[in-house]
Amino acid sequence: MDGISTAFHILTSSPAVFAAIGGVAWGIIGGALPGISPSIALALLLPFTYGMDPITAIVLLGATYVGAEYGGSIPAILINTPGTNAAAATVVDGYYMHREGRGGEALGISLQSGVVGGLFGLIFLIVFTEPLSRVALAFNFPAYFALGILGLSVIVSLSNGSLIKGLMAATLGLMIATIGTDPLSGVTRFTFGEPELLTGIEYVIVMVGVFAMSELMMTANSPDWGKTDGRQTRIKLPGFRKWRKLWRAQAIGSGVGIFEGVMPGAGGSIAAFMSYNEAKRWSPEPEKFGKGSEEGIAAPEAANNAVACTALVPVLSFGIPGSNSAAILMGGMLIHGLTPGPMLFQKEPEFVYGLFGGLAVANISQLMLGILMMTPALWLVNRPKPYLMAAIFALVFSGIYSIHNSTYDLYLVLLFGVVGYLLRVFGFPFLPLVLGLVLGYLVEANYRRSLELTAGDHRIFWETPISLGLLSLAAVFVIGSAIRDIVLARRAARAVAEGKSA
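Sequence positions in the sequence shown follow this note's numbering and run 1 to 502.
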């Protein structure tokens, strides 16, 4: 009851409630625009949180994550183009229903299922985050170093593409994190005589550049997305009888989303497709999947909204983000002086309860905002793409400039936009880079503090049981990923050889 009363007091005495509602609205708009993923919607918003108090800022970002997961289903159902990666599973049956004249019904199922999945994910977040954080209280310097290495190794091994590319992206992130003044000795590093780099490079500049600017560069030469067919579509929420038919699919989606959300590197896309397959497996009418099945919409939408909440479990408990959006949200916490991890519950309990309350408001208000934001979302989808891209460019530059009122920051965000563009072109994953950036201080500082305790003796890392266990697990992930890549490469070479011989 203390937590509930604390959350209620914080929400009623700060702008956090309005931040939650505004974040959901912006998330729905961002998710509805093809190419503007939840992580990009968060990155665009991040510069504007600098003048806010921590609770309001992080509630705004968390609510944006929630809204964007639903927003992606709007173009998926109406124009056969998923607004987010996770909404790709919704396209299969959602667009089929729209062609049958049942688009409003499909949007209603998506909206209601998203709210159900989000609430289940929020309950899991509230119940299990603090107990997991107590486990991490037993960690010392070597254990925190090992935890950071484990987080990087898991993300690198599970990222799309090769292990080598994942390791290179993570190393690049760690290198960027070292720019500025050494946190222990005060020596300047990699500043090249530029006074603007003495304090390092802001997380927000790297994230906005890598995610938002690179996406704008990629979409500049791509064809325009489709437009709606002009039919007036109104959301029709399912009634009680319909909900009784959908509860099994929503429960499956929520369960899969909760499990995948706490797993680093999984995310909403995997959860959506896994839940779609499981819903089809357990459905009394599996033959309808792919032909306008209502359960085929309910399961993936419940899953990706559950992920939006449970992805915060490893962030708040251990300080390890498991997805791009969670990494950006963690970056927002660091910007506002909050250190994610077990001590957060000890030092900032009001913030944690306020965040839980804000996410509850976001998930509940999504039911109403999903209906209200339908018209502006469709209007934006139907605008010419060059106009929208120009508006987003202006949003990026105004937000970045407002941080320090410095044109130097604009050059940096353009530079990291080019870096992100090259990463996309050559198939490098983004998440290892972002994780290397936000975990750089954790890894370096605890590594050096551990060595200071032992006068440079590295045996401390395997003489500490927790550290030894975490480093061994990290080695398992990396070696397993290397073996997987070798096996896949040999299979591909064998297939090519067989094709030539035929």
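C-beta: ideal position from N, C-alpha, C; glycine also.
Span separating the alpha-carbon of residue i from that of residue j
i      : j      : result
Met97  : Ala63  : 29 Å
Pro54  : Gly239 : 39 Å
Ala495 : Ala89  : 29 Å
Asn324 : Arg234 : 32 Å
Glu348 : Ser365 : 26 Å
Ile176 : Leu198 : 13 Å
Leu61  : Ala170 : 24 Å
Phe318 : Phe393 : 35 Å
Ile126 : Val313 : 9 Å
Trp282 : Ala41  : 35 Å
Pro429 : Leu172 : 11 Å
Gly503 : Glu444 : The question about residue 503 has no answer here: the residues shown for the chain are numbered 1 through 502.
Leu46  : Gly332 : 7 Å
Ala76  : Ala220 : 21 Å
Leu468 : Phe461 : 6 Å
Ile201 : Ala57  : 20 Å
Asn140 : Leu163 : 29 Å
Ala212 : Tyr203 : 13 Å
Leu355 : Leu137 : 21 Å
Phe351 : Thr129 : 14 Å
Gly341 : Ser133 : 7 Å
Tyr276 : Glu463 : 45 Å
Ile400 : Glu301 : 33 Å
Glu285 : Met263 : 30 Å
Leu471 : Val478 : 11 Å
Ala249 : Ala303 : 10 Å
Ile335 : Ser39  : 17 Å
Ser398 : Pro386 : 18 Å
Under the three-state DSSP convention, the category residue i falls into
i      : result
Arg383 : coil
Met52  : coil
Phe289 : coil
Asp457 : coil
Tyr426 : Reading the sequence as shown, one finds Phe at residue 426 and not Tyr. Coil.
Val59  : helix
Ala220 : coil
Gly72  : coil
Pro284 : coil
Val262 : coil
Glu130 : helix
Ser450 : helix
Ser254 : helix
Thr90  : helix
Ile21  : helix
Where residue i falls, given that 16 or more other Cβ within 10 Å makes a residue buried
i      : result
Tyr408 : exposed
Ala251 : buried
Met368 : exposed
Arg102 : buried
Val419 : buried
Gly481 : Note on identity: in this sequence residue 481 is Ser, with Gly being the wrong assignment. Counting Cβ neighbours within 10 Å, Ser481 comes out buried, since at least 16 surround it.
Pro183 : exposed
Glu295 : buried
Phe192 : exposed
Ala455 : exposed
Tyr411 : exposed
Ser5   : exposed
Gln112 : buried
Pro131 : exposed
Asn363 : buried
Asn305 : buried
Ser157 : buried
Thr310 : buried
Ala492 : exposed
Tyr447 : buried
Ala87  : buried
Residues of its chain near residue i, where Cβ-Cβ distance is below 6 Å and the 5 sequence neighbours each way are ignored
i      : result
Phe416 : Val206, Gly209 and Val210
Gly290 : Val92
Ala308 : Tyr65, Val66 and Glu69
Pro321 : Val315, Ala327 and Met330
Pro34  : Pro75, Thr81, Gly83 and Trp225
Ile109 : Pro238, Glu294, Ile297 and Ala298
Gly114 : Tyr70, Glu301 and Asn305
Own chain residues within Cβ distance below 8 Å of residue i, not counting five before or after
i      : result
Glu100 : Gly292
Met374 : Ile74, Leu107, Thr233, Arg234 and Ile235
Thr188 : Gly180, Thr181, Asp182 and Leu198
Sequence-distant residues of the same chain with beta carbon closer than 7 Å to residue i, five excluded per side
i      : result
Leu216 : Met389, Ile392 and Phe393
Tyr421 : Ser214, Met217 and Met218
Ala43  : Met207, Val208, Phe211, Ala212 and Ile328
Val256 : Ala271, Met274, Ser275, Glu278 and Ala303
Phe120 : Ser254, Ile258 and Ala306
Leu338 : Pro54, Leu344, Glu348 and Phe351
Taking the runs of the alpha helix (DSSP H) that are 4 residues or longer, which of them lie wholly in the region 148-212?
163-177 and 203-207
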